[in-house]
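In order, the protein sequence lines correspond to chains E and L. Using our numbering, you'd call the opening residue of the first sequence number 717 and step up by one each time. Using our numbering, you'd call the opening residue of the second sequence number 717 and step up by one each time. A virtual CB, placed ideally from N, CA and C, is assigned to each residue, including glycine. One structure is given here, and the rest of the page talks about it.
2 protein chains.
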Amino acid sequence: MTQLDPSAEVDRIATSAKLGRKRDHTRDPEILDAAIDVLAENGFDGMTIDMVAARAKAGKATIYRRWPSKADLVLDAVACMKAGEIDFERLPDTGTLRGDLVAMIRPRSIEEAERKMRIMAGLFGMLSSSPELADAAHAAIIEPRAAVNRMFLRRAIERGEISRDCDVEMLANLIPAMAAFRLLLERKPVDAEFLVSLIDGVLLPAAGLDRRPSA
Amino acid sequence: MTQLDPSAEVDRIATSAKLGRKRDHTRDPEILDAAIDVLAENGFDGMTIDMVAARAKAGKATIYRRWPSKADLVLDAVACMKAGEIDFERLPDTGTLRGDLVAMIRPRSIEEAERKMRIMAGLFGMLSSSPELADAAHAAIIEPRAAVNRMFLRRAIERGEISRDCDVEMLANLIPAMAAFRLLLERKPVDAEFLVSLIDGVLLPAAGLDRRPSA
DNA sequence: CATATCCGAAACTGTTGAGTCTCGTATATA
DNA sequence: TATATACGAGACTCAACAGTTTCGGATATG
C-alpha cells in the first residue's frame with residue numbers, strides 16, 4: 717500500500733518473501749477486546765479509534781496495520797466476540813423445563829446478557845446499512861441465547877413434559893425479547909423477579925404447562 | 717464541500733422565479749415532521765441539520781432560530797410526534813380478547829409500528845446519555861401501544877373472560893416486545909402470520925385461555 | 001554489535017457536520 | 001410606497017475524527 721521509496725519497497729518484499737517472517741499481530745485480542753468495550757460504552761458512532769488504541773495501550777497505526785477501517789475492526793470484534801460464550805457442557809439439566817430455565821437465572825448470566833444488549837444497542841445504527849455486521853451481531857449476540865432455550869424446550873418435548881405442537885422458535889425467543897425490551901426500551905432492570913414472572917406467567921402456560929399450584 | 721471562489725455565482729437568479737409561498741409565522745410542524753423522517757431513515761448520528769432543512773424546504777438558520785441545538789430539535793420532534801397517534805374512540809371492541817387483538821392487525825398499524833421502531837432504533841445511541849429523550853421516546857413510541865393492549869386485557873378481565881391474576885403489564889408488553897425483537901434484532905418481517913401465532917400460541921394461553929380448538 | 005521488524009506515540013491531512021452569519025427577497029402592515 | 005420582519009439560500013468558522021505518516025525505541029536473531 718504505502719510506498720516510501722522504491723528501493724526500500726523492493727527490499728522489503730524480497731526479505732519478507734525469503735524469510736517468511738511471522739506476522740505477529742499478537743496484540744489482536746487486546747485490541748478486539750478494547751473495541752468491544754468502547755463499542756458497548758459509546759455505540760458505533762460514539763466510538764473513536766483513538767479510544768480503542770488508548771484502551772488497548774496500542775498505537776493507532778497498529779490498528780490500521782491490521783484492519784483497513786473502523787467498520788472492519790468492529791465487524792471483526794463482533795465476530796470474534798467469544799468471550800462469555802455459553803458452555804453447552806455445563807448447562808443445567810434438572811429434569812423439568814421450569815427447573816432448567818430458572819437455573820439459568822444467575823447474576824453472571826444476567827450481567828453477560830446486559831453487556832451483549834448494550835453492544836447490540838451500539839450497533840443499531842449500522843445494522844441497516846451493513847448486512848454483514850447484522851449477521852455477525854445476530855450470530856454472536858442473539859443466537860447463542862435462543863439456542864439454549866431451544867434445547868431446553870426440545871428436551872421437554874422429548875420427555876413428554878410439554879406439547880409437541882408448541883412453537884419452539886417463538887418460545888425460545890420469548891425471554892431474550894422481553895429482556896431486551898425491558899432493558900433497552902423501558903430502561904428497567906432485568907432481575908430475577910421479572911424473569912420468574914415471565915417464565916411462570918407466560919412461557920410455561922404457553923408451553924402447555926399449568927400455572928404453578930401456588931397461584 | 718463548498719468551493720471558495722471570490723467571484724462565485726452570487727448572482728444566481730434561479731431562485732427568484734419561485735412562487736409566492738404563504739409564510740406562516742411558524743414552519744415548526746413541517747420542520748418537526750422532516751426531522752422525524754430524517755431521523756427514522758438515518759438515525760440520530762446519521763441525520764444532519766442540512767438534511768432536515770432540505771426536506772422541510774427551510775433554511776438552516778430558520779431551524780436554529782427555533783431550536784438551540786440538534787438535540788433540542790430531536791427531543792421536540794419526538795415529544796410532538798402526534799402523527800399516527802392512536803384514536804381510542806375507534807378501537808375495536810369485538811367482545812373477545814382474541815377478537816380485539818386480531819382486529820388490531822392491519823397493514824396500517826403494522827406500517828405505523830415499523831416506522832416507530834425505526835425511529836426508536838435511531839435514538840438508541842442517545843438514550844443512555846439523555847434521560848429526557850429516553851422519557852419522551854418511551855411516552856411517544858412505546859406507551860401508546862402498550863396502553864391499547866392493557867385496555868383490551870382489563871376489559872377481558874372485567875367481562876370474566878380471563879383470569880384476574882394474570883400479569884397485565886407483562887402481557888401488554890408482549891406483542892410490542894416480540895415485534896420489536898423480530899423486526900430490529902432478527903430483521904424478519906412482522907406479518908399477520910407471526911402476530912396471530914404470537915396471540916394464539918403465547919398471549920392467550922398465558923392469559924388463561926386455551927389454545928384454539930383447531931390446533 | 002549489526003540488522004531487521006514490530007510497535008507506541010504523536011504529528012499530520014482531509015472531510016464532515018454543527019452552529020453562525022449575511023444577504024436578497026417575499027410578505028405584512030401602515 | 002415605506003418599513004419591518006420572517007424566511008431561504010448558502011457561505012463561513014471551528015472542532016472532531018478517520019485515516020496516514022514519521023520516528024524513536026524495543027526486541028529478536030546472529
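Put simply, the CB of residue 796 of chain E is far from chain L, with every gap to its CB atoms at 9 Å or more.
In terms of beta-carbon proximity, residue 866 of chain E stays away from the interface with chain L, with every pair separated by 9 Å or more. Between the stretch 808-821 of chain E and the stretch 755-773 of chain E there are fewer than three inter-stretch CB-CB distances shorter than 8 Å, so the stretches are not counted as touching.
If you check the CB distance, residue 807 of chain L and residue 864 of chain L come in under 9 Å. The C-beta distance from residue 833 of chain L to residue 896 of chain L rounds to 6 Å, short enough to fall under 8 Å.
Judged by beta-carbon spacing, residue 902 of chain L lies within the 9 Å limit of residue 889 of chain E, meaning their Cβ atoms are closer than that value. With distances taken between CA atoms, residue 757 of chain E lies nearest to L:840 out of L:840, L:790 and L:925. Residue 907 of chain E is classed as exposed because its beta carbon has fewer than 16 other beta carbons within 10 Å across all chains shown. When CB distances to chain L are screened at a threshold of 8 Å, the residues of the stretch 892-909 of chain E falling below it are 892, 893, 894, 896, 897, 898, 900, 901, 902 and 903, in chain order.
Using a C-beta cut-off of 8 Å, the stretch 741-761 of chain L makes contact with the stretch 770-789 of chain L, since at least three inter-stretch Cβ pairs fall below that distance. Taken in chain order, the whole alpha helix (DSSP H) runs of length 4 or more contained in the stretch 813-852 of chain L are 813-819 and 823-843.
For residue 754 of chain L, same chain residues with a beta-carbon under 7 Å away, outside a window of 5 residues either side, are 763, 767, 768 and 771 in chain order. Look at residue 844 of chain E: its C-beta is under 9 Å from a C-beta on chain L.
C-alpha of residue 820 of chain L to C-alpha of residue 871 of chain E: approximately 35 Å in a straight line. The three-state secondary structure of residue 854 of chain L, taken from DSSP, is helix. The continuous stretches of alpha helix (DSSP H) do not include residue 772 of chain L, and DSSP gives it neither H nor E. Within chain E, 901 have C-beta atoms less than 8 Å from the C-beta of residue 836 of chain L, given in sequence order.
Note on residue 803 of chain L: under 16 other CB atoms within 10 angstroms of its CB, so exposed under the neighbour-count rule. Closer than 9 Å to the CB of residue 826 of chain E there is not a single CB belonging to chain L. Among the CB atoms of chain E, one or more fall inside 9 Å of the CB of residue 759 of chain L.
The Cβ of residue 860 of chain L sits no closer than 9 Å to any Cβ of chain E.
Collapsing the DSSP output to three states places residue 859 of chain E in a helix. Residue contact with chain E for residue 883 of chain L: present (Cβ-Cβ distance below 9 Å to some residue of chain E). Around the beta carbon of residue 850 of chain L, 16 or more other beta carbons lie within 10 angstroms, which makes this residue buried. When CB distances to chain E are screened at a threshold of 9 Å, not a single residue of the stretch 765-798 of chain L falls below it. When the beta-carbon positions are compared, residue 862 of chain L and residue 905 of chain L stay at least 9 Å from each other. Residues of chain E whose Cβ lies closer than 9 Å to the Cβ of residue 886 of chain L are, in chain order, 894, 910, 913, 914, 917 and 918. At least 9 Å separates the CB of residue 804 of chain L from every CB of chain E. Secondary structure at residue 913 of chain E: helix, using DSSP grouped into helix, strand and coil. Its Cα nearest to that of residue 824 of chain E, the residue E:801 stands out among E:843, E:842, E:918 and E:801. Note on residue 876 of chain E: under 16 other CB atoms within 10 angstroms of its CB, so exposed under the neighbour-count rule.
Among the residues of chain E, those whose CB is under 7 Å from the CB of residue 850 of chain L are 903, following chain order. Taking a C-beta distance under 9 Å as the contact criterion, residue 837 of chain L and residue 844 of chain E qualify as a contact pair. Annotation for residue 891 of chain E: the continuous alpha helix (DSSP H) segment containing it runs 884-896. In this chain, the alpha helix (DSSP H) harbouring residue 791 of chain E covers 786-795.
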